[in-house]
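Notes for the one structure printed next.
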Ligand SMILES: NC(=O)c1ccc[n+]([C@@H]2O[C@H](COP(=O)([O-])OP(=O)(O)OC[C@H]3O[C@@H](n4cnc5c(N)ncnc54)[C@H](OP(=O)(O)O)[C@@H]3O)[C@@H](O)[C@H]2O)c1
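In the working numbering, the protein residues as written are 1 to 269.
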């Protein structure tokens, strides 16, 4: 039996982590969401799987993460094997602007700080909140779901200079994960940042690539500049999650601190 916690599990890739991991009946999967009452897809899954536990927790509020850790500890005897940090503040109303086009310095600061707070600081708080449980667990794995747009060479190649609150906070998340990896190395932890690649979380039917919003298609078309063989299509969450878990399962403390793609290397698309 292994215990997993997926932080940011109401929909998209996070929900798919819960679905995939809870298919194994002897896994315990804790799905942390900021508003359990509106997480309808998760409720529907949890109603069919007795090994899925819904817990309230928000990356923006450290006290809620500590409360979530206390609740999980009550179910597991104080242990957790794997922490998956998936939740994200993806975009804001300023996502389409390059840094030189923001209306004023205060708006720029607020947008960057909001991204950093959820995606970077929130991840650090979450790791610290669950660390006592992870230390008592058998696997000692921490997985930060990051993005290829947190890779400097990828962004240089695609030449997309927008949505900095997201890209910069993911680049910083990668470093936070590496810093935890260094700090926890003597204890045998494996801490990884893994990008899932381009994943269709934009349409109700994950196989309906045709209905992906045009701005997403335009953005991802730039991926061809760094990956000429890219066909323009995303993966489904199910395929992406299986690839990411495969990388995690193949990794150990010797890989700890790495920032990897869904292939386990630096091939991002
Ligand atoms: N989709 C892609 O192509 C792609 C590519 C690269 C990387 N990723 C990464 O994969 C992860 C999942 O992406 P996705 O496409 O599945 O995103 P998504 O569909 O937008 O889902 C985002 C999830 O994060 C949760 N969340 C937002 N703010 C939160 C907070 N403050 N505290 C806790 N949870 C919060 C959301 O919960 P609510 O329902 O409460 O809003 C939701 O469950 C992210 O880390 C993203 O950066 C995705």
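Each residue gets a CB set at the ideal place from its N, CA and C atoms; glycine is no exception.
Check	Outcome
Helix, strand or coil: which one does DSSP assign to residue 49?	coil
Which first and last residues belong to the beta strand (DSSP E) in which residue 152 is found?	Run containing residue 152: none in the beta strand (DSSP E); it sits in the alpha helix (DSSP H), 152 to 158.
Per the contact definition of three or more C-beta pairs closer than 8 angstroms, is the stretch 187 to 197 in contact with the stretch 117 to 125?	no
Quick one: does the C-beta of residue 167 sit closer than 7 angstroms to a heavy atom of ligand 1?	no
Let me check understanding here. Comparing Cα to Cα, which of 150, 136 and 69 lies closest to residue 116?	150
Does the distance from the CB of residue 290 to the CB of residue 72 come in under 8 angstroms?	Outside the displayed span of the chain (1 to 269) sits residue 290, for which this structure offers no information.
Which whole-angstrom value describes the C-beta separation of residue 170 and residue 233, a residue pair presumed to lie in contact below a C-beta threshold of 8 angstroms?	Actually they are not in contact, since the Cβ atoms of residue 170 and residue 233 sit about 22 angstroms apart, beyond 8 angstroms.
At 4 residues or longer, what runs of the alpha helix (DSSP H) sit wholly inside the stretch 112 to 196?	122 to 136, 152 to 158 and 164 to 184
What does a CB cutoff of less than 8 angstroms around residue 201 pick up in its chain, not counting 5 residues either side in sequence?	11, 12, 13 and 237
Would you say residue 86 touches ligand 1, meaning its beta carbon is less than 7 angstroms from a heavy atom?	yes
Taking 7 angstroms as the limit between beta carbons, can you name the residues of its chain near residue 52, skipping five residues before and five after?	18, 22, 29, 31, 45 and 46
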